[in-house]
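Chemist:
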Amino acid sequence: MRAVWYERTGAPHEVLEHGEMPTPAPGKGEVLIRVKASGVNPSDAGARRGGQGRQMAYPRIIPNSDGAGIIEAVGPWVSEKMIGQRVWFYNGQRNGRAYGACAEYIELDADLVTPLPDHVSFAEGATLGIPCMTAHRCLFHDGPVQGKVVLVTGGAGAVGHYAVQLAAWAGATVIA
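Following this line, the structure appears as structure tokens:
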């Protein structure tokens, strides 16, 4: 499979490489996803930069946590009915994983994937992980926002964009 990776931290033009790597195989409880879109989050860029004294946990890292694609294979303990399903996913290159979504394929725990409706593009699906889930958690952690005024600072950013939409959908007056 084609992939982008880095073997040392730094600026993207200095450390990112691309080429061929073996296609992964799904293990127990995992799915193999053909990646159609990969989302880049600030945490992905920060890890690649080595910011805040971060050390590389692996000798080679394929970046990006979020993405969307089509399940092409399943491992043991996963229903074969998932094969062919459009999905979005998160935590691709996080939580102790070296290989993220910046590749043609990713193998991932089946519980980290969610069906992607046909009317939602793969590019949109790749933003549903960290940005959308962060906005949802921030808005609704303390209960409903219906009838309240919600201030979204940074409403033009990825998280803010979703916070504005979710708050309006939930019946809040939004100031961004």
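In terms of numbering that gives the first Met the number 0, the sequence shown is residues 0 to 175. For each residue, glycine too, the CB sits at the ideal point set by N, CA and C.
1) Could you pull out every unbroken alpha helix (DSSP H) segment of at least 4 residues lying fully inside the segment 39 to 64, listed in chain order?
2) Span of the alpha helix (DSSP H) holding residue 124?
3) Considering only C-alpha positions, which residue in the set 84, 136, 162 is nearest to residue 121?
4) With the cut-off set at 8 angstroms, would you say residue 23 and residue 98 are in Cβ contact?
5) Quick one: residues in its chain with C-beta nearer than 8 angstroms to the C-beta of residue 103, no 5 flanking neighbours on either side, listed in chain order?
6) On the DSSP bridge list, what partners appear for residue 143?
7) Let me know if residue 92 comes out buried or exposed under the rule of 16 or more other beta-carbons within 10 Å of its beta-carbon.
8) Under 7 angstroms Cβ to Cβ from residue 101, same chain only, skipping five residues before and after it: list those, please.
9) Taking 8 angstroms as the cut-off, decide whether the C-beta atoms of residue 43 and residue 125 are in contact.
10) Tell me, please, which residues DSSP counts as bridged to residue 96.
11) Taking Cβ positions, are residue 76 and residue 115 nearer each other than 8 angstroms?
12) Using only the alpha-carbon positions, how far apart do residue 123 and residue 108 sit?
13) Could you tell me how far apart the beta carbons of residue 47 and residue 11 are, in whole angstroms, since I believe they sit closer than 8 angstroms?
14) Do you know whose CA, among 7, 27, 161, lies nearest residue 45's CA?
15) Looking at the unbroken beta strand (DSSP E) that takes in residue 4, where does it start and where does it end?
Modeler: In terms of the structure at hand:
1) 41 to 48
2) 121 to 124
3) 84
4) yes
5) 0, 1, 2, 22, 33, 34
6) Residue 143 pairs with nothing; no bridge assigned.
7) buried
8) 2, 3, 37, 61, 62, 63
9) no
10) Per DSSP, none; premise fails for residue 96.
11) no
12) 21 angstroms
13) 7 angstroms
14) 7
15) 1 to 4
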